[in-house]
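Chemist: Take the sequence shown: its letters are residues 1 to 102, numbered as in the UniProt record's numbering. Virtual Cβ for every residue (Gly too), placed ideally from N, Cα, C.
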Amino acid sequence: YQLVLSEKPTTFTITVTSEAGENDETVQTTLKFTYREKYPDETPLYEIVSQENLDDNDVMDIIKLLEQQVRKMDYLATVWYHFTFWLEFLSQISFARYMLLI
Numbered sequence: 001y002q003l004v005l006s007e008k009p010t011t012f013t014i015t016v017t018s019e020a021g022e023n024d025e026t027v028q029t030t031l032k033f034t035y036r037e038k039y040p041d042e043t044p045l046y047e048i049v050s051q052e053n054l055d056d057n058d059v060m061d062i063i064k065l066l067e068q069q070v071r072k073m074d075y076l077a078t079v080w081y082h083f084t085f086w087l088e089f090l091s092q093i094s095f096a097r098y099m100l101l102i
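Structure representation (structure tokens):
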């Protein structure tokens, strides 16, 4: 799911949702990406537009981890990389919450 907001610079949103756990709860964020002039040779800019079932500490943790990974990649991370990174992290949060309920 994505929504193109503008074409110059290219800006769009992507909603990332974890798989539902046994209790059918998901965690979700909507990310807004803006391509830099030299994309994909420069990582896109992104911001969190909304979040669901996430606390601010979770968000800060994922931002910190993502920024570390992007630096290791010499700032060449694509939108796909950002998306899969967020999806994996959200799924881990959802699974951890499910395990606490058992």
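1. Cutting at 6 Å between CB atoms, please list the residues of its own chain near T17, excluding the five before and the five after it.
2. Measuring alpha carbon to alpha carbon, tell me which of L54, L100, T34 ends up nearest residue 140.
3. Rounding to the nearest angstrom, what Cα-Cα distance links P40 and T78 in this structure?
4. Which value, in whole angstroms, describes the spacing of the CA atoms of T10 and H82?
5. Quick one: Cα of F33 to Cα of S50, how far?
6. My understanding is that F89 touches I48, with C-beta atoms under 8 Å, so please give their C-beta distance in whole angstroms.
7. Just how far apart, CA to CA, sit S94 and D56?
Modeler: For this structure:
1. T26, Q28
2. Given that the chain is displayed from residue 1 to residue 102, the structure contains no residue 140 and the question cannot be resolved.
3. 6 Å
4. 16 Å
5. 13 Å
6. Actually they are not in contact, since the Cβ atoms of F89 and I48 sit about 12 Å apart, beyond 8 Å.
7. 15 Å
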